[in-house]
Structures are given as C-alpha cells and as structure tokens.
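J.: Can you keep this structure in mind? I'll have questions shortly.
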Amino acid sequence: MKVFCAITLAMLTGAAIGAAAVNGLHAQAKAPVYVVTAIDVTNPDAYGKEYAPKAQALIKTSGGRFVALGGVAGAGAGKVTAFDGEAPKRVTIQARDSLEQYQAYRNLPTFKEVREIGEKYAKFHTFAVDGVSQ
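Numbering (the numbering used here), first residue to last: 32 to 165.
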C-alpha cells in the first residue's frame, strides 16, 4: 500500500511540474509586436551617414529585430514597392517582444538624442501592430 501511495504521489507531482512547464512555455510563445515606421527622408546622404547607423545599432542593442528595411538612405535597404498610393521614401519594420519593451526603448535618453539627429533629415510616422499567434 505504501508503494502504491508513493507511486501515485510521484505521478501527481510529475504531472503538476509538467503542467507548470507547459504553461510557462505558452506564456513565452506570446506573439511579437511589430513596429512600422514610414519615413519621409529629405536629405538621404546626411540621413544615411549621421542617423541610420546610430539608430540601427540602438534598435538592435535594445532588443529590436529588423524584419524589413527598404527605400533610400542607410545600409541594408531593399526596394519599396507601392500598390496603393505613393510609397514612403524609407520604411522599417522591427519586431519587439512587447509593446512595453518598445516604449522603454523610446524613453531611453539615447533614443531621444539620436532621434533629434534624424528629425533634421526626415519626418517619421511610427505605429505598432500586435503580431498574430501562430
């Protein structure tokens, strides 16, 4: 009888630990937030030299991951193709783990310093979209 109780208790403990682990994995599988920025660049040369490298480095060090870069000015930019209306001169799409992570990035003093440089050469239109769980 003692062996039966011990085995039952071990099985219940294992099931509880397994359920907690699965719940933790589901919480980690939360869909990312995508931050889209349409940028009207007025001075591509200065934007590409003075702003883009600093902004890209800051995005990466603060947890952002580029999904797409397109248009004029800056390294690694692909082609932007318009289907409806006029395409912006530059577009970036970055993935973030959460909206809170992106808001913390925007509150960094370094972000504000770098953005001041960018605003000399471009106008930014930025918005976030919740990702879809797969």
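We treat Cβ as the ideally placed atom computed from N, Cα and C, and that holds for glycine.
Computed from a predicted structure; not experimentally measured.
Using the three-state DSSP reduction, which class does T112 fall into: helix, strand or coil?
T.: coil
J.: How about G95 and V122: do their beta carbons lie closer than 8 Å?
T.: no
J.: Kindly list the residues whose CB is nearer than 8 Å to the CB of A77, restricted to its own chain and excluding five residues on each side of it in sequence; keep chain order.
T.: Counting only Cβ-Cβ distances below 8 Å, and skipping sequence neighbours, we find K151, Y152.
J.: Near T92, what residues of its chain come up, given a Cβ to Cβ distance below 6 Å and the 5 sequence neighbours on each side ignored?
T.: none
J.: Alpha carbon to alpha carbon, how far is Q125 from F114?
T.: 21 Å
J.: Assuming contact is defined by CB atoms lying nearer than 8 Å, are V160 and V67 in contact in what I supplied?
T.: yes
J.: Is the beta carbon of L139 less than 8 Å from the beta carbon of V64?
T.: no
J.: By how many angstroms is the C-alpha of A83 removed from the C-alpha of A104?
T.: 8 Å
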